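In the working numbering, each number is its position in the sequence shown, counted from 1, plus 3. Cβ atoms here follow ideal geometry from the backbone N, Cα and C, with glycine treated the same way. Please read all numbers here as calculations on a predicted model, not as lab measurements. Notes follow once the structure below has been shown.
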Amino acid sequence: MKWQQALFDYKMYLKIERGLSQNSIDSYALDVNKLLTYLENQKIQVSPLTITAEIVQQFVYEIAKQVNARSQSRIISGLRSFFNYLVFEDYIKTNPLELIEAPKIGRKLPDTLSEKDINALISAIDLSKPQGERNRAILETLYSCGLRVSELVGLKISDLFFDEGFIKVTGKGDKQRFVPIVPETQKIINIYKNQVRVHTPIKEEFQDILFLNRRGKQLTRAMIFTIIKQLAVKIDLNKNISPHTFRHSFATHLLENGADLRAIQLMLGHESITTTEIYMHVDKSHLKEIMNTFHPRK
4 MKWQQALFDY KMYLKIERGL SQNSIDSYAL DVNKLLTYLE NQKIQVSPLT
54 ITAEIVQQFV YEIAKQVNAR SQSRIISGLR SFFNYLVFED YIKTNPLELI
104 EAPKIGRKLP DTLSEKDINA LISAIDLSKP QGERNRAILE TLYSCGLRVS
154 ELVGLKISDL FFDEGFIKVT GKGDKQRFVP IVPETQKIIN IYKNQVRVHT
204 PIKEEFQDIL FLNRRGKQLT RAMIFTIIKQ LAVKIDLNKN ISPHTFRHSF
254 ATHLLENGAD LRAIQLMLGH ESITTTEIYM HVDKSHLKEI MNTFHPRK
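In structure tokens, the structure reads:
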């Protein structure tokens, strides 16, 4: 089996069996391609079935000189997944990364915004311009529903179930979940949808997409980043923020106010609760209050 065939089959496995998004699939493939580039540069002629642990170890040594520990760990994880697939399909007997350890890295805590910061950013939006109402609805939705930026730009009008108080969100791997949406955010979305969006010349294929640019097309992820960065500069916010910061803030504020971790996991669309548990490390001050309130031996 040649590398390109193995990589093609692996990507199909990630898409069909694992249900991963195209971005995730591309990321895994990039890790394998880094190894292929190394083999080509070193003129090492091996197939995915004959590569040895020693060759992979040498690659890891070389990559460690070029990237930080977090990136190194990510590449090792991606390669381990690729070779695990080959083991699973019975192409090889053992994973050449079986004894290779990823560098220990600290768990990075997510950046968060205070409620004051979020209100300041939203207040800085110029509502006299048509895109102002749209931008306000975007920030309110990011924060109120804890969406990923890809989920936001893909949100459809047919996904809005305001009478029931929910929106339908399509997340990673096309997995769908229903997220509660508060009346105030519903009101702001309706102002944009009914007073601004209706006057936009909309392209046929984007008729159902909620948030559009001035040319009637779906907004890009990069555009959402730009909107937020410009607002941060406008209010002199001395924090490096992105759309994901609103998602982090959503989860952190819910947890601080006593929300159940399992409920937060469901709203964020985390497959594993261990991913959600990172928010437990952001601010432990409320945990003492919960203990004093609910524990029978308080």
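Between the C-alpha atoms of residue i and residue j, what's the straight-line distance to the nearest angstrom?
| i | j | result |
| --- | --- | --- |
| Lys190 | Glu136 | 11 Å |
| Gln60 | Leu82 | 12 Å |
| Ile125 | Asp114 | 18 Å |
| Thr255 | Ile47 | 49 Å |
| Ile58 | Asn36 | 15 Å |
| Lys96 | Ile79 | 19 Å |
| Ile194 | Ser30 | 38 Å |
| Ile231 | Leu271 | 21 Å |
| Pro186 | Arg139 | 15 Å |
| Glu101 | Ser84 | 11 Å |
| Thr305 | Thr53 | Outside the shown range of the chain (4 to 301) lies residue 305, about which nothing can therefore be said. |
| Ser245 | Lys68 | 29 Å |
| Tyr41 | Ile227 | 36 Å |
| Val63 | Asn71 | 12 Å |
| Arg200 | Ser74 | 41 Å |
| Phe249 | Tyr146 | 5 Å |
Among residues of its own chain, excluding the 5 on either side of residue i, which ones have a beta-carbon nearer than 7 Å to its beta-carbon?
| i | result |
| --- | --- |
| Gln221 | Val156, Phe209, Ile212, Leu215 |
| Tyr16 | Tyr88 |
| Leu257 | Ile267 |
How is the beta strand (DSSP E) around residue i delimited, first residue to last?
| i | result |
| --- | --- |
| Thr53 | That residue, Thr53, is in no beta strand (DSSP E); it is neither H nor E in DSSP. |
| Arg139 | Counting along the chain, Arg139 falls outside any beta strand (DSSP E), though it belongs to the alpha helix (DSSP H) covering 133-148. |
| Ile192 | Here Ile192 belongs to no beta strand (DSSP E); instead the alpha helix (DSSP H) covers 186-198. |
| Pro183 | 179-183 |
| Val201 | Run containing Val201: none; DSSP gives neither H nor E here. |
Go to residue i, then tell me how far its alpha helix (DSSP H) extends in each direction, as first and last residue.
| i | result |
| --- | --- |
| Phe228 | 224-237 |
| Lys37 | 25-44 |
| Phe11 | 6-19 |
| Ile267 | 264-271 |
| Val156 | 152-156 |
| Thr248 | 246-259 |
Counting only the same chain and skipping the five closest in sequence on each side, list residues whose C-beta sits under 6 Å from that of residue i.
| i | result |
| --- | --- |
| Val90 | Asn98 |
| Leu163 | Ile170 |
| Val182 | Cys148, Ile170, Val172, Met270 |
Considering only residues of the same chain and omitting the five flanking positions on each side of residue i, which have a CB-CB separation below 8 Å?
| i | result |
| --- | --- |
| Ala123 | Ile238, Leu240 |
| Ala56 | Pro99, Leu100, Glu101, Leu102, Ile103 |
| Arg218 | Pro204, Lys206 |
The region 16-27 touching the region 168-186, judged by at least three CB pairs closer than 8 Å: yes
Uninterrupted alpha helix (DSSP H) stretches inside the region 57-123 (no shorter than 4 residues): 72-91
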